[in-house]
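Colleague:
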Amino acid sequence: MSAVVTVAPTGPIATKADNPNLPTRPHEIADAVAEAYAAGAAVAHLHLRDEHDRPTADPDIARRTIDLIEERCPIIVQLSTGVGLDVPFEERERLVELRPRMATLNPCSMSFGEGEFRNPPKDVRRLAARMRELGVKPELEIYDTGHLDACLRLRDEGLLEEPLQFSIVLGVRGGMAATADNLLATVRRLPAGSVWQVIAIGRANLQLTAIGLALGGNARAGLEDTLHVAKGEPAAGNLPLVERAVALVGGVGRTVADVAQAERSLQLPR
Ligand code: KMH
Ligand code: ZN
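This note's numbering applies: residue 54 is where the sequence shown begins, and numbers increase by one.
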């Protein structure tokens, strides 16, 4: 089975002070996504920033960024509804009204580094229901074992449609540590037929991405997840991280999914 590579060019926390190559303006994000597409990425996971480089759910900035991406390449757009720790849920959830093909759904509240990531159950249910209505495929972010159980409850309530699509997030302080044991234990518990990828934050990014690919998962790459290509060596941009993930796909004897293959394997609703 081919492997889908998702590029995550900009996250909710790091700034250009952490890595000057972080794209934050709409045209910078669009350029980074187009380069990633040319290197093999089929999905772009997007966080947006305002004019002060703060995380934002501003629909105009999102629309502008998506338009610039669509001018450059046919990559599948996945909007983050995680957005940023200080952005209210009511603003975050409005992003799905833009009807991206995919969007993230974070099922539970948690500590997130030194901050707090608020995902109250009633808000998560409302967002899941709206995504289903709009035909936006949820990517379910599993930072800990109970988050999987929360997703299975949403499925049982009819709010999520199978096949479920999971990101197993390893290495956020407040969630599971970035270990192979945690990855394996989570993969073993996924419902049959689920689609999944590893999001390995920080130092273990390379190793856990490789293990995920070897186990049959998809891969995510980009400055959202790690700012370095090696210890003490800042990434020169998103491209080297995407190229590294593409090389890992080949290294475990798999091929990289193009957009049409990714649409099929992710079973996107439209
Ligand atoms: N930043 C990652 C730890 C989201 O954007 O909704 C998780 C993530 C979630 O990508
Ligand atoms: Zn994200």
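We put the beta carbon where it would ideally sit given N, CA and C, even for glycine.
#1: Just to check my reading of the structure: R152 and V189 have Cβ atoms closer than 8 Å, yes? What is that Cβ distance to the nearest angstrom?
#2: Does any C-beta atom of chain D lie closer than 7 Å to the C-beta of I119?
#3: Measuring straight from C-alpha to C-alpha, what distance separates E88 and R317?
#4: According to DSSP, is L228 part of a helix, a strand, or is it coil?
#5: Which residue's Cα is closest to the Cα of G227: L132, H200, L207?
#6: Are there 16 or more other CB atoms within 10 angstroms of the CB of Q320, so buried, or fewer, so exposed?
#7: Can you check DSSP and say which residues form a bridge with R287?
#8: I'd like to check one pair, H105 with S133: are the Cβ atoms closer than 7 Å?
#9: Going by DSSP, what residue range makes up the alpha helix (DSSP H) through T77?
#10: Quick one: measure Cβ to Cβ for A181 and P191, integer angstroms, because I've assumed they're closer than 8 Å.
#11: Quick one: Cα of P112 to Cα of E124, how far?
#12: Taking 6 Å as the cut-off, does the CB of V177 come closer than this to any heavy atom belonging to the ligand KMH?
#13: Which word fits T109, buried or exposed, when buried means at least 16 other C-beta atoms lie within 10 angstroms of its C-beta?
#14: Does the beta-carbon of M229 have 16 or more other beta-carbons within 10 angstroms, so that it is buried, or is it exposed?
#15: Of the choices R117, E296, V140, V305, whose alpha-carbon is the least far from that of V60?
#16: Return yes when the Cβ of N291 is within less than 7 Å of the Cβ of G275, no when it is not.
Modeller: Let me spell this out:
#1: To locate residue 152, count along the sequence shown from 1; it is residue 99. To locate residue 189, count along the sequence shown from 1; it is residue 136. Sure, about 6 Å apart at Cβ, within 8 Å.
#2: Chain labels in this structure do not include chain D; a single protein chain is all it has.
#3: Counting from 1 along the sequence shown, the entry for residue 88 is found at position 35. Counting from 1 along the sequence shown, the entry for residue 317 is found at position 264. Going by C-alpha positions, E88 is about 23 Å away from R317.
#4: Residue mapping note: residue 228 aligns to position 175 of the sequence shown, counting from 1. According to the sequence displayed, residue 228 carries Gly and not Leu. Judged by DSSP in its simplified three-state form, G228 adopts strand.
#5: In the sequence shown, counting from the first residue as 1, residue 227 sits at position 174. Here the closest residue by C-alpha is H200.
#6: The residue you call residue 320 lines up with position 267 of the sequence shown. Classification for Q320: exposed.
#7: Counting from 1 along the sequence shown, the entry for residue 287 is found at position 234. What sits at residue 287 in the sequence shown is Pro, not Arg. In DSSP, P287 forms a bridge with H281.
#8: By one-based count along the sequence shown, residue 133 stands at place 80. By one-based count along the sequence shown, residue 105 stands at place 52. Going by C-beta atoms, S133 is not nearer than 7 Å to H105.
#9: In the sequence shown, the residue the question calls residue 77 occupies position 24. Taken as a continuous stretch (DSSP letters only), T77 belongs to no alpha helix (DSSP H), as it is neither H nor E.
#10: Within the sequence shown, the letter at position 128 stands for residue 181. Within the sequence shown, the letter at position 138 stands for residue 191. Under the criterion of beta carbons closer than 8 Å, A181 and P191 qualify as touching, at roughly 7 Å.
#11: Counted from its first residue, the sequence shown places residue 112 at position 59. Counted from its first residue, the sequence shown places residue 124 at position 71. Going by the C-alpha atoms only, they are around 18 Å apart.
#12: What you label residue 177 is simply residue 124 of the sequence shown in a count that begins at 1. Not so, every heavy atom of the ligand KMH lies at least 6 Å from the Cβ.
#13: On the sequence shown, position 56 is the one that residue 109 refers to. Taking a 10 Å sphere around the C-beta of T109, we find 16 or more other C-beta atoms and assign the residue as buried.
#14: Residue mapping note: residue 229 aligns to position 176 of the sequence shown, counting from 1. When all chains shown are included, M229 counts as buried.
#15: Position 7 of the sequence shown, counted from the start, is the residue given in the question as residue 60. Checked all of R117, E296, V140, V305; the closest Cα to V60 is E296.
#16: Taking the sequence shown and counting its residues from 1, the one referred to as residue 275 is at position 222. Taking the sequence shown and counting its residues from 1, the one referred to as residue 291 is at position 238. In this structure, N291 lies closer than 7 Å to G275 by Cβ.
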